[in-house]
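> Shown below is the structure under consideration.
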Amino acid sequence: DAKTTQPPSMDCAEGRAANLPCNHSTISGNEYVYWYRQIHSQGPQYIIHGLKNNETNEMASLIITEDRKSSTLILPHATLRDTAVYYCIVRVGDSGYALNFGKGTSLLVTP
Amino acid sequence: SQTIHQWPATLVQPVGSPLSLECTVEGTSNPNLYWYRQAAGRGLQLLFYSVGIGQISSEVPQNLSASRPQDRQFILSSKKLLLSDSGFYLCAWSGMWDTEAFFGQGTRLTVV
């Protein structure tokens, strides 16, 4: 699986959009971009994933650059409950492949 | 609906003692199963994964082993715990063709 690079930490004011970047310059054509988050002392939670098109769900939006070498997870209106470590992972999308988590970005949402 | 159970939530064990952590999944069949560990201040590390009964792949050589005696049961074991085995252990599952993994609530293990 391709490696990813994320900033170790970010701050965001409550109610504002949180934009979390991820670089994955060695991504190959059949690898998807996944985002998970881990709230302190809990198991990780799936957020969203995509291949090359931008994706949106009830939690977040995922913007993938045209060359697929980087992506941005957007939390449109961050709340205090969004404080967590966010992991960007790239992997082949079919069965039997485990997730290789890096160190992620620790997002702190402040009042 | 599918659920994943992992126990115990916390565990304190002396060095040299054995370990057995159990994880079971309900509401699905033939899941892919995973054990992860998170040491203090570090990221999640994949330890083992299994795509079927008796099929275990180890990602990192260590003092631990895993077994899958039944389709929806995954067990993490050690014969003799080390201080370095302390950490937050997470079990997860994914469907055969799913792209999302679902995690249990974890076991916080402290080896003293």
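These protein sequences, in sequence, are chains A and B.
One point on numbering: in this note's numbering, the residue at position 22 of the first sequence is 29, and numbering is uninterrupted.
One point on numbering: in this note's numbering, the residue at position 106 of the second sequence is 675, and numbering is uninterrupted.
Every residue gets a Cβ at the ideal spot worked out from N, C-alpha and C, and that includes glycine.
All values reported here derive from a predicted model rather than from experimental measurement.
Listed from N- to C-terminal order along the chain, which residues in the stretch 39-67 of chain A have their beta-carbon within a distance smaller than 9 angstroms of any beta-carbon of chain B?
Y39, Y41, Y43, Q45, S48, Q49, G50, P51, Q52, Y53 and H56
> Would a check of beta-carbon distances place B/F643 closer than 7 angstroms to chain A?
Not one chain A Cβ lies under 7 angstroms of B/F643.
> Alpha carbon to alpha carbon, what distance is there between A/L115 and A/T90?
5 angstroms
> Round the Cβ separation of A/Y43 and A/Q52 to the nearest angstrom and send it over; I've been treating them as touching at under 8 angstroms.
6 angstroms
> Report the rounded CA-to-CA distance for B/A670 versus B/G623, giving the unit in angstroms.
20 angstroms
> Beta-carbon of A/G5 versus every beta-carbon of chain B: anything under 7 angstroms?
Missing from the structure shown is residue 5 of chain A; chain A here goes from 8 to 118 and no further.
> Are three or more beta carbon pairs between the stretch 594-609 of chain B and the stretch 79-88 of chain A nearer than 8 angstroms?
no
> Around the C-beta of A/S32, are 16 or more other C-beta atoms found within 10 angstroms, so that it is buried, or is it exposed?
exposed
> Any contact between the stretch 579-591 of chain B and the stretch 104-114 of chain A? By contact I mean 3 or more CB pairs, one from each, below 8 angstroms.
no
> With a 10 Å radius around its C-beta and 16 neighbouring C-beta atoms as the bar for buried, classify A/V92 as buried or exposed.
buried
> Under 7 angstroms between the Cβ atoms of B/P587 and B/W662?
no
> B/L652 by DSSP, collapsed to three states: which one?
helix
> Between B/Q639 and chain A, is there a C-beta pair that is closer than 7 angstroms?
Answer no: the Cβ-Cβ gap between B/Q639 and chain A never drops below 7 angstroms.
> Ordered along the chain, which non-local residues of its own chain (more than five positions away) have a Cβ less than 6 angstroms from that of B/V594?
Once the five neighbours on either side are set aside, the close Cβ partners of B/V594 are I573, P600, R641 and W662.
> Return the chain-ordered list of same chain residues with a C-beta closer than 6 angstroms to the C-beta of B/Q614, the five sequence neighbours on each side being excluded.
R606
> Using the beta-carbon of each residue, which ones in chain A are nearer than 9 angstroms to B/Y603?
A105 and L106
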